[in-house]
Structure formats: C-alpha cells, structure tokens
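J.: Take 8 as the starting number for the sequence shown in the working numbering and just add one per residue.
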Amino acid sequence: MAAGTDRREGRMVSLATIYQDARQLGVALIPYSIGFADAATLEMDGRYGIFLDFDQFETMADYAAALAHEVGHCATGATHAVHSPFELVAQHEDRANRWHYEHYLPFSELQALVADGYTEPWQLAEATGWPEKTVRDALEYYTQRRGLRLQCP
C-alpha cells in the first residue's frame with residue numbers, strides 16, 4: 008500500500024511510521040529465518056530485537072501487521088521467558104495486540120469508514136490496507152472487549 012494515513016483513500020499506516028516507532032523505542036529489526044513463526048521479539052537487559060522471517064509473509068500487509076504487533080510487545084514491555092505459563096503468554100499477546108490496534112487501527116478511523124459505508128470486515132481491510140484477520144481481531148477487541156459500538160449509516 009502507498010504510504011500515508013488517510014484510510015478513506017485505501018491507505019494504511021505507512022511502514023515508515025512503524026519503523027519510526029521501532030526506532031524511537033530503540034528496537035533492532037533483524038531478518039532471520041525463524042522457521043516456526045513469522046516474527047518474534049526478544050528482550051535482553053531492557054533492549055529489544057524483533058526477528059522477522061520474510062519467507063513467512065505473503066503480502067506487505069501481513070508483514071506490516073506482524074511488525075506492528077511485535078512493536079506492541081516492545082512498547083508495552085510485554086515479553087516473557089519461553090517457558091512462561093500460558094496465562095502470562097496470553098496476557099502479553101493481548102497487551103501487544105491492544106497497543107497495535109489502538110496505535111495503528113484506532114476505533115475512530117474504523118467508525119469513520121463505517122459511516123462512509125464500509126460495513127463488512129473485508130471492505131474495512133481493503134480500505135485500511137490491513138489484513139482482514141487484523142481488522143476482524145481489532146473489531147472484536149473494540150466491540151466485544153471494550154464495549155464500543157460502530158454506528159452504521
């Protein structure tokens with residue numbers, strides 16, 4: 008997708024914005040063939056590295072969504088040991104997802120698109136440039152967990 012933030016023109020948050028956020032957090036982005044995941048974040052002594060397996064991404068939107076999620080781990084400090092209990096892992100994944108949605112796919116922008124007639128998740132995905140799964144997950148977060156309501160035209 009083209010750089011920019013005007014979602015009404017079918018543009019997602021630019022990768023440059025996500026890169027800038029990572030840079031401001033002091034995060035190192037490292038291409039690495041992980042094999043078991045598309046991306047993973049490691050923290051050591053308060054410094055973060057995001058490992059990205061470029062062979063795992065089918066589209067730039069998939070890459071941007073994974074990177075935004077991993078930056079969410081760094082921004083919130085939501086990292087854990089590999090052997091951590093499932094509950095802690097789930098809490099940290101949730102925290103990273105919330106940060107991702109609130110910073111790069113805010114409710115106000117989804118509401119504006121719905122008001123413009125984009126009412127299906129696939130339409131919102133096309134309009135924002137995010138993968139449909141990301142949009143569906145953000146909608147679930149905003150409507151089910153936060154109790155917000157989208158006002159349809």
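The beta carbon of each residue, even a glycine, is placed where N, CA and C say it ideally should be. What you are looking at is a predicted structure, and each value in this text was computed from that prediction instead of being measured.
1) Are A71 and I25 close, meaning C-beta to C-beta below 8 Å?
2) Could you tell me if V142 is buried or exposed, where buried requires 16 or more neighbouring beta carbons within 10 angstroms of its beta carbon?
3) Can you tell which of L157, L146, D144, P113 has its C-alpha closest to the C-alpha of G6?
4) Please confirm whether A85 and G56 have their CB atoms less than 8 Å apart.
5) From what residue to what residue does the beta strand (DSSP E) around F114 run?
6) Which whole-angstrom value is the C-beta distance of H110 and H80, which I expect to be below 8 Å?
T.: Judging by the given coordinates:
1) yes
2) buried
3) An answer regarding residue 6 cannot be provided, because it is not within the stretch 8 to 160 covered by the chain.
4) no
5) Taken as a continuous stretch (DSSP letters only), F114 belongs to no beta strand (DSSP E), being part of the alpha helix (DSSP H) at 114-122.
6) In fact, because the Cβ distance is near 13 Å, the residues do not count as touching under 8 Å.
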